[in-house]
Amino acid sequence: CWCWRRRMATERKRPKREWGEEGLGEAEGARGDRGRKRPKREDEAPPEKVHWGKKEEGGEEDEEDDQPKQKPNFVPSGLLDKAATQKKNGIELKWIEPPEAKKPSRMWYLYPFKGKEALPRIALAGFPSFMLGRDRKVSDVPLDHPSCSSQHAVIVFRQISEKDQYQQLTGKRVVRPYIIDLNSTNGTKLNGERIDPQRYYQLLEKDAIQFGFSSREFILLSDDSTDPSQTSNEEVVESI
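Each residue of the sequence shown is one higher than the one before, counting from 964 in our numbering.
Printed below as a string of structure tokens:
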């Protein structure tokens, strides 16, 4: 009957399996490497800690924030000043030749006069500019009078746009002589009038130039003294 069968089923005991070392190895091999921890190497660096949320007080980040940050420095380094200076024979020049300086196509001369005595003429040729002063190391035209400065003035030939009698541009480029006083102590006179320092003044044919308190006059002439463009007595002034 069914009661006897149920009793036999309950009395039957299932043998309990004992696990040894070999059995554990087989079980673990069956399960694979899941759940096993990888052995730690001695030379392996610890993983970096990742901090989430609010910073901890007193940490390394706070120490870096406490260090003063370097502010931008806007003080001129002096490189531009060095690039904007020129030297001649180891002496720094007070004036730098402008990019529009060009050698003239015709010959120009300075005729010095000491009273009524005519001295040998000075050729302004071969270069676009000529320094005048007492310092013979840098001066192209020496000035020996004690009232003259070491770097007194410069005569420079500049390429400019030509203008007609109505001061309108003609579209032509011409080279004209100019003089600039280098902020000398006793100044420069053009046709008897003292000129402002650090400004370009256009020179015309037969203009008379004096430097300092010297009575010596320098008359500007060229090979083509009958050039109609030089007959005007109008004075052209340009600031630099």
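The C-beta atom is built at its ideal place from N, Cα and C for all residues, glycine as well.
The segment 1138 to 1157 and the segment 1062 to 1070 touch, with three or more beta-carbon pairs separated by less than 8 Å. Rounded to whole angstroms, the gap between the alpha carbons of residue 1133 and residue 1125 is 6 Å. Residue 1183 holds the alpha-carbon nearest to the alpha-carbon of residue 1120 among 1183, 1054 and 1146. Annotation: the continuous beta strand (DSSP E) that includes residue 1116 extends over 1116 to 1126.
For residue 1144, the enclosing beta strand (DSSP E) starts and ends at 1132 to 1144. Excluding its 5 nearest sequence neighbours in each direction, residue 1112 has C-beta neighbours in its own chain below 8 Å: 1096, 1097, 1145, 1147, 1148, 1149 and 1175, listed in chain order. A direct Cα-to-Cα measurement between residue 1171 and residue 1053 gives close to 32 Å. The beta carbon of residue 1084 is closer than 6 Å to those of 1072 and 1074 in its chain, skipping five residues each way along the sequence. Rounded to the nearest whole angstrom, the C-alpha separation of residue 1099 and residue 1129 is 43 Å. If you look at residue 1147, you'll find it isn't in any beta strand (DSSP E); DSSP assigns it neither H nor E. In the DSSP annotation of this structure, the continuous segment of the beta strand (DSSP E) that includes residue 1096 starts and ends at 1092 to 1096. Residue pairing by DSSP places residue 1165 opposite 1141 in a beta bridge. Excluding the 5 residues flanking it on each side, residue 1102 has same chain C-beta neighbours closer than 7 Å at 1094, 1095 and 1096, in chain order. Scanning 1061, 1152 and 1092 for the CA closest to the CA of residue 1160 turns up 1152.
Residue 1116 and residue 1181 have their C-alpha atoms roughly 13 Å apart. Residue pairing by DSSP places residue 1176 in no beta bridge whatsoever. Only exposed fits residue 1082, as fewer than 16 other CB atoms lie within 10 angstroms of its CB.
The C-alpha of residue 1091 lies about 10 Å from the C-alpha of residue 1061.
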